[in-house]
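What follows is a set of notes on a single structure, which appears directly below.
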Amino acid sequence: DVVSIRALTLTTRIGNDIWYRNRPQPVIISLGLYTNISKSGAADDVGASIHYGNLTKAASTHITDSACDHLVEFVNSLAGCCFLKGGAEEKIKIVAELPEALTMAEGVGIEAYRQRYPQDSGRGGEVDQIPGFGDGIFIRNLRVACIIGVNEPERKEKQVVVVNLRLWDIDAKLAVGYRKLVQAVTEYIESSSYLTIEAMITSVCRVICVDHGVSKVTARIEKPSALTFAKGAAVEITRTKEQF
3 DVVSIRALTL
13 TTRIGNDIWY
23 RNRPQPVIIS
33 LGLYTNISKS
43 GAADDVGASI
53 HYGNLTKAAS
63 THITDSACDH
73 LVEFVNSLAG
83 CCFLKGGAEE
93 KIKIVAELPE
103 ALTMAEGVGI
113 EAYRQRYPQD
123 SGRGGEVDQI
133 PGFGDGIFIR
143 NLRVACIIGV
153 NEPERKEKQV
163 VVVNLRLWDI
173 DAKLAVGYRK
183 LVQAVTEYIE
193 SSSYLTIEAM
203 ITSVCRVICV
213 DHGVSKVTAR
223 IEKPSALTFA
233 KGAAVEITRT
243 KEQF
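Going by this note's numbering, the sequence shown opens with residue 3, and the numbers climb by one from there.
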């Protein structure tokens with residue numbers, strides 16, 4: 003069972019802002035607390051339920067007062083707060099997005115799962131990743147102008163493609179350096195002139211995995227101008243570093 007808070011919008015310090023300044027910036031938080039609602043569901047007992055008002059208040063105060071160098075540090079800190087003060091029990095999912103961190107994309111964020119070990123486990127009270135659920139960085143709606151397509155007008159005039167990326171099993175180094183990766187992808191697409199989205203997206207995944215050491219990436223590239231009566235045509239693939 004999951005009790006969730008969706009799209010809590012606050013201001014905090016996570017690394018640098020859109021202009022590389024160490025200033026507060028907006029962050030959008032969604033929380034999922036894994037629990038068992040059987041007792042509250044059977045008896046309609048408020049006392050047996052997770053108080054999402056208290057959870058929101060505790061998380062809001064913590065986020066507003068915190069200052070972190072990167073997104074991994076941020077979710078580790080927030081998870082600890084939710085376990086200590088917010089009513090989270092053993093497992094929690096955190097999605098945090100910075101909607102004003104990149105000039106040409108609508109947001110960059112992280113999806114992370116954390117657990118708190120039982121007191122009698124030998125790691126009593128410690129908060130850590132859930133095995134098998136590595137952190138994932140996502141880049142949402144990166145817009146890049148390039149030559150793409152087979153038709154004669156497409157070979158002469160650039161059009162915008164919309165890129166969405168999910169980088170799996172990332173570490174703190176990538177959480178700090180995602181701007182360099184986004185810049186590299188942007189510059190690569192801008193200088194390209196592919197006939198097909200399939201070739202472009204395969205090469206983009208190669209750049210991400212080989213040049214930037216990402217173990218696994220899911221990429222989606224859409225051509226909004228491809229079809230007159232549709233909002234776009236797109237290709238989505240998932241590739242691992244070993245495939246290159």
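All residues carry an ideal CB built from backbone N, CA and C; glycine is no exception.
All of these numbers come straight from a predicted model, not from anything done at the bench.
Taking Ile149 as reference, the option from Tyr119, Ala44, Ser195 with the minimal CA-CA separation is Ser195. Taking 9 Å as the cut-off, the Cβ atoms of Ile39 and Val77 do not count as close. Looking at the DSSP output, Ile31 sits in a beta bridge with Leu10, Ala98.
Between the region 49–65 and the region 83–102 there are three or more C-beta pairs closer than 8 Å, enough to call the two in contact.
When secondary structure is reduced to three states using DSSP, Ala236 falls in the strand class. In terms of CA proximity to Lys160, Ser227 leads the group Ser227, Ala44, Ala177, Ala81. Selection Val164, Ala147, Thr230, Asp173 evaluated against Glu113 yields Asp173 as nearest (Cα-Cα).
A distance below 6 Å between beta-carbons, with the five flanking residues on each side excluded, links Leu183 to the following residues of its chain, in chain order: His214. Partner residues in the beta bridge of Ser195, as assigned by DSSP, are Ile149. DSSP places Asp130 in the uninterrupted beta strand (DSSP E) bounded by 129–131. Beta-bridge pairing by DSSP links Glu92 to no other residue. In the three-state DSSP reduction, Ile172 falls in the coil class, being neither helix nor strand. Judged by their CB atoms, Leu80 and Gly17 are not nearer to each other than the 9 Å cut-off. Counting only the Cα atoms, Glu99 lies some 17 Å from Arg116.
Here Thr11 is not near Ser68, since their CB atoms are 9 Å or more apart.
Per DSSP, Ile52 lies in no alpha helix (DSSP H) and is assigned neither H nor E.
Within its own chain, the residues whose Cβ lies closer than 6 Å to the Cβ of Ser217, once the five positions on either side in sequence are excluded, are Asp171, Lys243, listed in chain order.
Shown here, Val206 sits in a helix according to DSSP, grouped into three states.
Counted as a single uninterrupted DSSP element, the alpha helix (DSSP H) harbouring Arg157 occupies residues 154–158. Residue pairing for Val163: DSSP places it in a beta bridge opposite Val146. Note: Glu224 is bridge-paired with Val164, Ala236 in the DSSP secondary-structure output. Within the DSSP secondary-structure output, Val184 pairs in no beta bridge.
Per DSSP, Val77 is one residue of the alpha helix (DSSP H) stretching across 73–87. Within the same chain, and ignoring the five residues on either side of Ala147 in sequence, the residues whose Cβ sits closer than 6 Å to its Cβ are Lys160, Val162.
Membership of Ala114 in the beta strand (DSSP E) is indicated by the continuous run 109–118. Burial of Ala103 is indicated by the presence of at least 16 other C-beta atoms within 10 angstroms of its C-beta.
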